[in-house]
Amino acid sequence: MMRSVYVFGYVAALLMSHSAGAVSYPLPPDGSRLIGSVQTITVPQGNTLPLEAFAARYGQGLSNMLEANPGVDPFLPKAGTQLVVPQQIILPPTVREGIVVNVAEMRLYYYPPGSNSVEVLPIGIGQAGRETPRNWVTTVQRKQMGPTWSPTPNTRRAYAAEGKTLPAFVPAGPDNPMGLYAIYIGRLYAIHGTNSNFGIGLRVSQGCIRLRNDDIKYLFDRVPEGTRVELIDRPIKMTTEPDGSRWVEVHEPLSRNRAEFESTNKVPLPISAAQRMQLINEGAGAELERRSGMPVKLGN
1 MMRSVYVFGY VAALLMSHSA GAVSYPLPPD GSRLIGSVQT ITVPQGNTLP LEAFAARYGQ
61 GLSNMLEANP GVDPFLPKAG TQLVVPQQII LPPTVREGIV VNVAEMRLYY YPPGSNSVEV
121 LPIGIGQAGR ETPRNWVTTV QRKQMGPTWS PTPNTRRAYA AEGKTLPAFV PAGPDNPMGL
181 YAIYIGRLYA IHGTNSNFGI GLRVSQGCIR LRNDDIKYLF DRVPEGTRVE LIDRPIKMTT
241 EPDGSRWVEV HEPLSRNRAE FESTNKVPLP ISAAQRMQLI NEGAGAELER RSGMPVKLGN
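Residue numbering for the sequence shown follows the working numbering, beginning at 1 and increasing consecutively.
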């Protein structure tokens with residue numbers, strides 16, 4: 001169990017609840033897409049836990065925590081450090097139905113039918129060169145408990161190039177990279193578990209979508225075959241709320257090639273010069289550079 005931490009800021013329990021394997025938010029009213037609130041926690045004295053442990057406790061991926069807390073040591077956050085938990089989110093700009101995956105922010109949204117809520121889970125996605133699909137609508141084709149894995153020849157060659165040996169067949173079990181549950185979408189891809197939680201919020205898979213084991217079990221038990229699944233790539237999300245306030249949420253875009261992936265420079269945001277200037281005029285210039293992955297109110 002993770003050691004206790006001191007929680008400050010908003011009383012987030014009034015706005016969201018932690019269920020087994022997801023952070024559940026009530027859906028906002030029509031015309032609104034802003035949900036949740038930010039938390040601040042303090043790393044306890046004598047901490048021996050990596051940032052991933054804090055991310056897992058609060059339903060975040062490692063990338064979400066790194067965006068919100070630049071400069072924090074991901075392997076051993078210093079005792080007394082205040083960590084921002086980015087639990088305030090702008091919902092993706094698409095239908096509130098089934099599963100929506102925004103690969104840019106490495107989050108999966110599940111809208112249970114008839115529940116008036118949304119379940120948000122962090123994910124790991126495909127490596128540069130083995131990308132998770134983007135801009136794709138499909139369905140849940142089938143589900144499998146105890147999936148096996150047969151790596152493609154290309155995958156085995158890629159591992160061999162790194163001096164690693166990958167068998168042609170990996171049986172079901174705790175050592176399988178697909179974990180204990182798989183939800184197959186389309187013909188070639190799956191939403192599945194993992195045998196390495198540190199990869200949640202990172203680009204580590206062969207193109208499939210990884211979840212922590214509790215999270216995939218949560219989805220597996222609730223998502224029926226035939227459920228609509230949409231994958232999008234939106235590093236910038238915006239909303240104008242019913243009170244007239246405007247908000248922007250900016251994530252670091254996914255690199256499009258190996259050179260970008262290995263560079264220390266920021267990946268360019270996929271917006272035109274005119275769109276950039278409009279956002280700067282609305283007061284978003286600092287956030288376009290900062291890319292905190294959290295909603296920022298524009299204007300005043």
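Idealized CB from N, CA, C, for every residue including glycine.
Check, Outcome
"Under 9 Å between C-beta atoms of residue 254 and residue 128", "yes"
"Sub-9 Å separation of residue 245 and residue 118 beta-carbons", "no"
"Between the CA atoms of residue 161 and residue 293 - distance to the nearest angstrom", "34 Å"
"Which residues DSSP lists as bridging residue 307, in chain order", "Outside the shown range of the chain, which is 1 to 300, sits residue 307, and nothing can be said about it."
"Residue range of the unbroken alpha helix (DSSP H) whose run includes residue 62", "62-68"
"Distance between residue 79 and residue 183 (C-alpha atoms, nearest Å)", "39 Å"
"Minimum C-alpha distance to residue 144 - residue among 221, 275, 212 and 206", "221"
"Rounded straight-line distance, which links the Cα of residue 229 to that of residue 291", "27 Å"
"Exposed unless 16 or more other CB atoms sit within 10 angstroms - verdict on residue 75", "exposed"
"Residue from 275, 276 and 216 with nearest C-alpha to residue 178", "216"
"Residue 137 to residue 168 span [Cα, whole Å]", "30 Å"
"Residue 282: CB within 8 Å of a non-hydrogen atom of the ligand FMN", "Summarising the ligand content, the structure contains no ligands, and the ligand FMN is consequently not present."
"Euclidean distance between Cα positions of residue 77 and residue 226", "42 Å"
"Inter-residue spacing [alpha-carbon to alpha-carbon] between residue 14 and residue 248", "Summary for residue 14: the model assigns pLDDT 29, below 50, so the residue's position carries little reliability; its value from the coordinates is reported in the next sentence. One C-alpha to the other measures close to 23 Å."
"Bounding residues of the alpha helix (DSSP H) (the contiguous stretch that carries residue 172)", "Unbroken run through residue 172: none, as it is neither H nor E."
"3 or more residues per run - each beta strand (DSSP E) lying fully within the region 73-152", "82-85, 98-102, 107-111, 117-122 and 136-145"
"Segment contact, 8 Å Cβ cut-off, at least three pairs: the region 198-208 with the region 56-75", "yes"
"Residues that residue 297 bridges to, as DSSP identifies them", "247"
"Spatial distance of residue 125 from residue 49 (CA atoms)", "24 Å"
"Residue 297 to residue 27 span [Cα, whole Å]", "20 Å"
"Helix, strand or coil at residue 277 according to DSSP, with G and I counted as helix", "helix"
"Reference residue 32, options 58, 87, 93 and 82, closest by Cα", "93"
"Exposure label - residue 278; buried when at least 16 CB within 10 Å", "exposed"
"Residue 17 burial status per 10 Å Cβ neighbour count (16 or more: buried)", "Note on residue 17: pLDDT 40, under 50, position unreliable in the model; the coordinate value appears next. With fewer than 16 Cβ atoms within 10 Å of its Cβ, residue 17 is classed as exposed."
"Between the CA atoms of residue 275 and residue 281 - distance to the nearest angstrom", "10 Å"
"Helix, strand or coil at residue 182 according to DSSP, with G and I counted as helix", "strand"
"Same chain, Cβ closer than 7 Å to residue 283, neighbours up to 5 away in sequence not counted", "298 and 299"
"Contacts around residue 130, its chain only, beta-carbon distance under 6 Å, and the 5 residues preceding and following it disregarded", "206 and 207"
"Reduced DSSP secondary structure (H/G/I, E/B, other) of residue 216", "helix"
"Extent of the continuous alpha helix (DSSP H) run through residue 51", "51-57"
"According to DSSP, residues forming a beta bridge with residue 230", "100 and 137"
"Cutoff 8 Å; reference residue 175; Cβ partners in own chain excluding five residues on either side", "195"
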